[in-house]
């Protein structure tokens, strides 16, 4: 069975489209976290897990990116860490 050039082009287009989705989803998740932070003085990662229905590891990843981008400020250490908007 031979694969034509159009088959490969379609596969590449599908991969490209699905490759765009995670970036959009990540940005949307970050926006939701920032909106939540604006409405709440302080919050913990567990609240974000509940709101976004995500695993703790994913929430930690998103929160750490927001901290690196200086959008959120961490308060406390490790298990008892809270977050607030960085002014």
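Residue numbers (this note's numbering): 486 to 572.
Note that CB positions come from ideal geometry on N, CA and C, so glycine has one too.
All figures in this text were calculated on a predicted structure; none of them were measured in a lab.
Item                                                                                      : Value
CA-to-CA distance, residue 572 to residue 536, given in whole angstroms                   : 23 Å
Under 8 Å between C-beta atoms of residue 569 and residue 527                             : yes
Segment limits, alpha helix (DSSP H) that includes residue 531                            : 530-537
Interface flag, residue 515 vs chain C, CB-CB below 8 Å                                   : Among the protein chains of the structure shown there is no chain C, as only one such chain exists.
Contact set for residue 495: own chain, Cβ-Cβ below 7 Å, skip 5 residues either direction : Per-residue confidence for residue 495 stands at a pLDDT of 43, beneath the threshold of 50, marking its modelled position as unreliable; the derived number appears in the next sentence. If we look at residue 495 and ignore the five residues flanking it on each side, it has no Cβ neighbours.
Simplified DSSP state of residue 526, which is helix, strand or coil                      : coil
Nearest residue (CA-CA) to residue 513, options 553, 563, 547                             : 547
Residue 552 and residue 541 closer than 8 Å at C-beta                                     : no
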